[in-house]
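*Asks:* Residue numbers (our numbering): 829 to 1220. A single structure is presented below for examination.
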């Protein structure tokens, strides 16, 4: 966290989340009084005194606009330090490079397809091994431990079947074995879920999704629980150059200011949509932690403030899924989620296309599975639209 951010936060009483979203320490430019963080569109910075270098000297190593964003997400997640990357996968890839040849990582089995691809086609070539485990089964997680295990990577709710991992249980066990814990918090955001408070070491986001919220910026964020990890991740971020540009940093901060309002509205709509889908004859299964029959609803409620704005549902087979995709009129049919507009995705050919079919099916990601990210449209209009697509 920057010196100015710490000073600003120390001068303010503890505030609630909605207030932190607006008053995060850099909301007023200290030099001009501007109500928006300036975009420092600069690659390098003048050294007024060569013997006392400035805080920022080169934008890969640090940029004032990016710094404001990094302090912002650290504040929201309750961590020691934040980092902004060029994409969610840049954040995840950089975090995984904390590990070395011969190291082993335990990973949520139905993890995002991009993370699966990274682990199975890139990091495996570098000698970093991974074991994919159903983390709803604590005994299976413990059984995956090896002498060379260095970390546990969680995704909860998982993408796209929304399985729930008990964060505190896994984090405490990992700590007892001196393992680093990482968690992808994209679906919940720090509004609903703050993993560092539950013992997690590194929290990761595809900020392209709910944090940005407007389908107009590609970004990734990471927050570390302590300064030691912060120094290590900073060295990797600087060395790899996987940084977020100032324009995108500014756009992301603008989007984050409305996070709570957007998440609350979208979640209300998603709960209604999930209930409606559960009673539809064309739908064989619905995945949403807010449903009464979700097998890990109590675990989710213990660690999360809400249920989120993503619901997945199975229509039976690939042909039916493709028919629904061709008939809907309101949501974007697209890769991604977490935007003001609703987005309907087909994991088998989009987010999890990198996962072999047999692996997908083992993990419940069938050819009939659709993932609906609910936006800010009127929910009755969204339901009517989906109804005609399912019945067409």
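By construction, the Cβ of each residue, glycine as well, lies at the ideal position given by its N, Cα and C atoms. Note that this is a predicted model, so its numbers are computed, not measured.
#1: Over the uninterrupted alpha helix (DSSP H) stretch that includes residue 1076, give me the two end residues.
#2: What is the DSSP secondary structure of residue 1020, reduced to helix, strand or coil?
#3: If contacts are defined as beta-carbon pairs under 8 Å, then residue 1128 and residue 992 qualify, I think. What distance do you get, rounded to the angstrom?
#4: Which one or two residues does DSSP pair with residue 979 in a beta bridge?
#5: With 16 other CB atoms within 10 Å as the buried threshold, where does residue 843 fall?
#6: Does DSSP put residue 927 in a helix, a strand or coil?
#7: Sort 995, 1039, 1066, 1169 by Cα distance to residue 1126 and report the nearest one.
#8: Would you mind stating whether residue 1041 and residue 1087 have Cβ atoms separated by less than 8 Å?
#9: Identify every run of the alpha helix (DSSP H) within the stretch 1153-1215, keeping only runs that are complete inside it and at least 4 residues long; order them along the chain.
#10: For a test of the three-state rule: what should DSSP assign to residue 968, helix, strand or coil?
#11: Between residue 1201 and residue 862, what straight-line distance do the alpha-carbon atoms span, to the nearest angstrom?
#12: Look at the alpha carbon of residue 921 and the alpha carbon of residue 946, and state the distance between them as a whole number of angstroms.
#13: Quick check on this structure: which residue in 1137, 944, 933 has the alpha carbon closest to the alpha carbon of residue 1168?
#14: Just curious, the alpha helix (DSSP H) that residue 1041 is in, first and last residue?
#15: In its own chain, which residues sit with a C-beta less than 7 Å from the C-beta of residue 1024, not counting the 5 before and 5 after it?
#16: For residue 949, count neighbouring Cβ atoms within 10 angstroms of its own Cβ and tell me buried if that reaches 16, exposed if not.
*Replies:* Looking at the coordinates:
#1: Along the chain shown, one-based indexing puts residue 1076 at 248. From DSSP, the alpha helix (DSSP H) with residue 1076 extends over 1074-1084.
#2: Along the chain shown, read from residue 1 onward, the residue named residue 1020 stands at position 192. It is helical.
#3: Locating residue 1128 in the chain shown gives position 300, counting from the first residue. Locating residue 992 in the chain shown gives position 164, counting from the first residue. At roughly 5 Å, the Cβ-Cβ gap stays under 8 Å, so residue 1128 and residue 992 are in contact.
#4: Here residue 979 refers to the residue found at position 151 of the chain shown. Residue 979 is bridged by DSSP to 933, 1008.
#5: Taking the first residue of the chain shown as position 1, residue 843 is located at position 15. Here residue 843 is exposed, its C-beta having fewer than 16 other C-beta atoms within 10 Å.
#6: As a first step, residue 927 is located in the chain shown; it is residue number 99 there, counting from the start. Correct three-state label for residue 927: coil.
#7: One-based indexing of the chain shown puts residue 1126 at position 298. That would be 995, whose Cα lies nearest to the Cα of residue 1126.
#8: Locating residue 1041 in the chain shown gives position 213, counting from the first residue. Locating residue 1087 in the chain shown gives position 259, counting from the first residue. Taking 8 Å as the Cβ cut-off, residue 1041 and residue 1087 qualify as a contacting pair.
#9: Here the runs fully enclosed are 1185-1190.
#10: Sequence index remark: in the chain shown, residue 968 carries index 140 (1-based). In the structure shown, residue 968 adopts helical secondary structure according to DSSP, grouped into three states.
#11: Indexing the chain shown from 1 puts residue 1201 at position 373. Indexing the chain shown from 1 puts residue 862 at position 34. Straight-line spacing of the CA atoms in residue 1201 and residue 862 works out to 35 Å.
#12: Counting from one through the chain shown, the residue named residue 921 turns up at place 93. Counting from one through the chain shown, the residue named residue 946 turns up at place 118. Each residue's alpha carbon lies about 7 Å from the other.
#13: As a working mapping, residue 1168 is identified with position 340 in the chain shown. If we check each option's Cα against that of residue 1168, 1137 comes out closest.
#14: Residue numbering aside, residue 1041 sits at position 213 when the chain shown is read from its first letter. Careful: residue 1041 lies outside any alpha helix (DSSP H) and carries neither H nor E.
#15: For this step, residue 1024 is matched to residue 196 along the chain shown. 905, 906, 907, 1031, 1051, 1053.
#16: As a working note, residue 949 is residue 121 in the chain shown. Flag for residue 949 reads exposed.
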